[in-house]
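For reference, the structure discussed in these notes is given below.
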């Protein structure tokens with residue numbers, strides 16, 4: 002078996018003549034094999050230098066021909082150039098070529114065009130298999146540990162997209178990062194091209210296609226005030242934003258997650274990375290949305306996957322409003338049953354208004370105390386899957402995005418609202434109807450976010466929030482109507498903003514602060530509150546009436562104690 006390699010410039014006429022002769026020999030001689038290599042004229046000199054240096058040859062022209070010694074396992078045996086190959090064919094096989102020079106030049110030109118087209122096609126194919134560069138900050142967090150398998154298994158970006166994951170954290174967590182890297186490599190996911198650790202900020206977010214910010218280390222005990230926390234968050238985001246602006250791809254997608262100042266962090270990243278499209282920077286609200294769905298599903302004794310269209314409005318990690326008015330349940334086991342797409346209003350299924358106002362609020366407000374990272378990882382992976390592969394048709398997703406005046410929300414703040422993902426982008430579901438009470442609540446929530454922004458940018462020295470609470474609000478209008486509760490708008494506004502709070506433990510009250518004037522003496526406060534704030538319960542159910550009044554009195558007593566420590 003004689004195997005020859007013929008290499009030359011794509012536009013070389015002598016390569017053309019040698020190529021046609023080699024093709025003729027390969028067709029007519031069963032033991033003659035030829036492998037052809039063409040190089041662009043601009044790359045030929047360097048390629049020839051490298052191949053000759055590797056094999057210890059001396060050759061300076063196109064083409065070059067050598068014989069592969071397959072049966073000996075050694076390096077190739079240099080035959081020479083065009084003339085050497087022609088003499089070899091004439092001597093051993095008695096065959097030569099009489100191609101005219103004009104024909105050689107015409108075919109050489111065609112070869113060059115074909116070579117250029119092949120190169121372009123190869124570059125395109127390489128671009129299709131180029132791995133997504135994913136950077137995760139605070140990578141020692143449990144959420145990152147749970148997130149890596151979800152990103153690498155192919156369900157998020159598709160089975161044809163490889164990923165390279167970069168873990169960023171401080172040098173204090175170097176051993177943890179090293180362990181995560183080794184464990185990720187042990188998983189041997191086919192689509193995980195590489196996983197690496199980084200502890201130097203200067204190298205962060207290089208060529209990033211996706212940035213996931215998990216930082217929550219900014220809120221420290223020694224920070225004396227809320228304003229100082231905001232300023233520290235701003236400084237950290239200034240560093241991150243500048244690095245994303247400098248190192249990341251221009252089309253990078255940034256997901257801001259965590260438990261503290263999620264909206265503010267997303268806004269500051271936008272501020273300090275001005276060239277990044279604001280549409281590509283979002284704050285994660287789905288963790289809170291998923292937790293609310295799970296609680297509602299447990300109450301209804303059903304799978305949480307059947308609860309849809311729960312909306313989170315406002316500040317994801319602060320004052321927010323969980324709207325159940327659009328929520329639906331699917332596959333609910335009841336007397337009424339239908340096909341898989343059959344749904345019923347969630348508020349028609351829940352009849353316990355006290356549970357919604359008390360336990361529902363209390364549990365959601367303390368989620369960070371039992372979060373171990375699995376749920377945040379899942380919702381981040383879900384949002385990325387929606388971003389790259391679209392969200393389910395007709396389904397509402399809550400997301401913190403830059404307000405452009407939708408729902409009369411002030412522009413220029415990150416505000417959680419209903420969106421849908423389609424064609425690689427998201428769109429606000431502006432056709433969502435909201436009533437006057439909800440609109441008023443959204444205005445109050447926007448007030449706090451505006452204050453955060455102004456403190457972060459140094460426009461005001463301290464915050465004066467409309468409501469200084471961190472509990473969740475709920476749209477109870479439809480629910481109260483179902484149960485025939487007669488509650489004044491003032492009472493409902495109080496409920497929506499979390500002022501009537503449940504007891505956390507035996508004898509322990511939840512402290513509430515407001516901007517109201519100093520409270521009057523205890524006796525006067527109690528009498529006025531009982532007169533003005535009491536909740537009326539239908540009198541045809543003595544048991545319900547008694548329970549409702551008792552809970553109302555307990556909540557009012559809590560408020561009294563908080564106002565008069």
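Residue numbers (the working numbering): 2 to 566. Ideal Cβ positions, reconstructed from N, Cα and C, are used throughout, including at glycine.
Determine the contact status of residue 283 and residue 400, defining contact as a CB-CB distance below 8 angstroms.
Along the chain shown, one-based indexing puts residue 283 at 282. Along the chain shown, one-based indexing puts residue 400 at 399. One thing to note: residue 283 has its Cβ within 8 angstroms of the Cβ of residue 400.
Contacts around residue 288, its chain only, beta-carbon distance under 7 angstroms, and the 5 residues preceding and following it disregarded
Here residue 288 corresponds to residue number 287 of the chain shown, with the count starting at 1. In the same chain as residue 288, and ignoring 5 residues on each side of it, the C-beta atoms closer than 7 angstroms to its own belong to 376, 377, 380, in chain order.
Residue of 164, 210, 205, 172 minimising C-alpha distance to residue 196
Stepping through the chain shown from its first residue, residue 196 is reached at position 195. Its Cα nearest to that of residue 196, the residue 164 stands out among 164, 210, 205, 172.
I need the straight-line Cα distance from residue 304 to residue 298, nearest angstrom please.
As a working note, residue 304 is residue 303 in the chain shown. As a working note, residue 298 is residue 297 in the chain shown. The straight-line gap separating the alpha-carbon atoms of residue 304 and residue 298 is approximately 6 angstroms.
How do the segment 322 to 337 and the segment 268 to 277 stand: do at least 3 beta-carbon pairs fall below 8 angstroms, yes or no?
Look at the beta carbons and you see the segment 322 to 337 not touching the segment 268 to 277: under three pairs across the two are nearer than 8 angstroms.
Neighbourhood of residue 243 by C-beta, 8 angstroms cutoff - its chain only, sequence neighbours within 5 removed:
By 1-based counting over the chain shown, the position of residue 243 is 242. For residue 243, where only same-chain residues beyond five positions count, the Cβ hits under 8 angstroms are 273, 274.
Rounded to whole angstroms, what's the CA-CA distance from residue 262 to residue 382? Just pull it up for me.
For the purposes of this step, residue 262 is taken as residue 261 along the chain shown, with counting starting at 1. For the purposes of this step, residue 382 is taken as residue 381 along the chain shown, with counting starting at 1. When rounded, the separation of the alpha-carbon atoms in residue 262 and residue 382 is 21 angstroms.
Quick one: measure Cβ to Cβ for residue 33 and residue 40, integer angstroms, because I've assumed they're closer than 8 angstroms.
Taking the chain shown and counting its residues from 1, one reaches residue 33 at position 32. Taking the chain shown and counting its residues from 1, one reaches residue 40 at position 39. Wrong, their Cβ atoms sit about 24 angstroms apart, outside the cutoff.
In the segment 157 to 232, which residue ranges form an unbroken alpha helix (DSSP H) of at least 4 residues, counting only runs that do not cross its ends?
If we require 4 residues or more, the alpha helix (DSSP H) runs fully inside the segment 157 to 232 come out as 175 to 188.
Give me the Cα-Cα distance between residue 562 and residue 291, rounded to the nearest whole angstrom.
Within the chain shown, the letter at position 561 stands for residue 562. Within the chain shown, the letter at position 290 stands for residue 291. Bear in mind that a pLDDT of 42 at residue 562, under 50, signals an unreliable position, so the number given afterwards is only what the model happens to contain. If I take the Cα positions, the gap works out to 34 angstroms.
Nearest by alpha-carbon distance to residue 398: which of 421, 406, 416 is it?
Residue 398 sits at position 397 when you count from the first residue of the chain shown. The option with the nearest alpha carbon to residue 398 is 421.
If you draw a straight line from the C-alpha of residue 10 to the C-alpha of residue 100, how long is it?
Locating residue 10 in the chain shown gives position 9, counting from the first residue. Locating residue 100 in the chain shown gives position 99, counting from the first residue. Distance between the alpha carbons of residue 10 and residue 100: 18 angstroms.
4-residue-minimum alpha helix (DSSP H) runs that sit fully inside the segment 222 to 293, ordered along the chain
Scanning the segment 222 to 293 for uninterrupted alpha helix (DSSP H) segments of 4 residues or longer gives 227 to 248, 263 to 273, listed from N- to C-terminal end.
Please report the straight-line C-alpha distance between residue 249 and residue 276, rounded to a whole angstrom.
Stepping through the chain shown from its first residue, residue 249 is reached at position 248. Stepping through the chain shown from its first residue, residue 276 is reached at position 275. Taking the straight line from one Cα to the other gives about 11 angstroms.
Which term fits residue 93, buried or exposed, when burial requires 16 or more other beta carbons within 10 angstroms of its beta carbon?
Here the question's residue 93 lines up with position 92 in the chain shown. Here residue 93 is exposed. Its C-beta has fewer than 16 other C-beta atoms within 10 Å.
Look at the Cβ atom of residue 453, then the Cβ atom of residue 265, and state whether they are nearer than 8 angstroms.
Taking the first residue of the chain shown as position 1, residue 453 is located at position 452. Taking the first residue of the chain shown as position 1, residue 265 is located at position 264. Annotated as proximal: residue 453 and residue 265, with beta-carbon spacing under 8 angstroms.
Tell me the residue span of the alpha helix (DSSP H) that contains residue 18.
Here residue 18 corresponds to residue number 17 of the chain shown, with the count starting at 1. First-last of the alpha helix (DSSP H) with residue 18: 14 to 29.
Environment of residue 259 [buried if 16+ CB atoms lie within 10 Å]
Looking up residue 259 in the chain shown gives position 258. Taking a 10 Å sphere around the C-beta of residue 259, we find 16 or more other C-beta atoms and assign the residue as buried.
May I ask you to report which of helix, strand or coil DSSP gives residue 428?
Here the question's residue 428 lines up with position 427 in the chain shown. Strand at residue 428.
For the segment 126 to 158, list the beta strand (DSSP E) runs that are entirely contained and at least 3 residues long, ordered along the chain.
Counting only runs of at least 3 residues, the segment 126 to 158 fully encloses the following beta strand (DSSP E) elements, listed from N- to C-terminal order: 133 to 138.
Coarse secondary structure for residue 569, derived from DSSP in three states
Because the chain here runs from 2 to 566, residue 569 falls outside it and cannot be looked at.
Quick check: residue 301 and residue 330, are their CB atoms within less than 8 angstroms of each other?
The residue you call residue 301 lines up with position 300 of the chain shown. The residue you call residue 330 lines up with position 329 of the chain shown. A contact, by the Cβ cut-off of 8 angstroms.
To the nearest angstrom, how far is it from the Cα of residue 470 to the Cα of residue 366?
Along the chain shown, read from residue 1 onward, the residue named residue 470 stands at position 469. Along the chain shown, read from residue 1 onward, the residue named residue 366 stands at position 365. Note that residue 470 scores a pLDDT of 40, beneath 50, so its modelled location is shaky; the value from the coordinates is reported in the next line. In a straight line, the C-alpha of residue 470 is about 10 angstroms away from that of residue 366.
Proximal residues to residue 37 (C-beta, below 7 angstroms), its chain only, five neighbours per side dropped:
The sequence position of residue 37 within the chain shown is 36, counting from 1. Result list for residue 37: 7, 20, in chain order.
Who pairs with residue 79 in a beta bridge, going by DSSP?
For the purposes of this step, residue 79 is taken as the residue at position 78 of the chain shown. Bridge partners of residue 79: 67.
When you compare the CB positions of residue 327 and residue 431, do they come within less than 8 angstroms of one another, or not?
The residue given as residue 327 occupies position 326 in the chain shown. The residue given as residue 431 occupies position 430 in the chain shown. Between residue 327 and residue 431, the gap from beta carbon to beta carbon reaches 8 angstroms or more.
Take the Cβ of residue 95 as the centre, count every other Cβ of all protein chains shown within 10 Å, and call the residue buried at 16 or more, exposed below.
Taking the chain shown and counting its residues from 1, one reaches residue 95 at position 94. Result: exposed.
Is residue 182 closer than 8 angstroms to residue 198 when the C-beta atoms are compared?
One-based indexing of the chain shown puts residue 198 at position 197. One-based indexing of the chain shown puts residue 182 at position 181. Yes.
Is residue 409 buried or exposed, if buried means 16 or more other CB atoms sit within 10 Å of its CB?
Position 408 of the chain shown, counted from the start, is the residue given in the question as residue 409. Residue 409 should be labelled exposed.
Taking C-beta to C-beta, are residue 216 and residue 344 nearer than 8 angstroms?
Here residue 216 corresponds to residue number 215 of the chain shown, with the count starting at 1. Here residue 344 corresponds to residue number 343 of the chain shown, with the count starting at 1. Between residue 216 and residue 344, the C-beta spacing is not below 8 angstroms.
Is residue 313 closer than 8 angstroms to residue 417 when the C-beta atoms are compared?
As a first step, residue 417 is located in the chain shown; it is residue number 416 there, counting from the start. As a first step, residue 313 is located in the chain shown; it is residue number 312 there, counting from the start. A contact, by the Cβ cut-off of 8 angstroms.
Residue range of the unbroken beta strand (DSSP E) whose run includes residue 443
As a working note, residue 443 is residue 442 in the chain shown. Taken as a continuous stretch (DSSP letters only), residue 443 belongs to no beta strand (DSSP E), being part of the alpha helix (DSSP H) at 437 to 457.
From residue 374 to residue 285, what does the alpha carbon distance come to, in whole angstroms?
To locate residue 374, count along the chain shown from 1; it is residue 373. To locate residue 285, count along the chain shown from 1; it is residue 284. Going from the Cα of residue 374 to the Cα of residue 285 covers about 14 angstroms.
How about residue 210 and residue 253: do their beta carbons lie closer than 8 angstroms?
Walking along the chain shown from the start, residue 210 turns up at place 209. Walking along the chain shown from the start, residue 253 turns up at place 252. The beta carbons of residue 210 and residue 253 sit closer together than 8 angstroms.
Count the other C-beta atoms from every protein chain shown that fall within 10 angstroms of the C-beta of residue 208, then say buried if there are 16 or more, exposed otherwise.
Along the chain shown, read from residue 1 onward, the residue named residue 208 stands at position 207. Taking a 10 Å sphere around the C-beta of residue 208, we find fewer than 16 other C-beta atoms and assign the residue as exposed.
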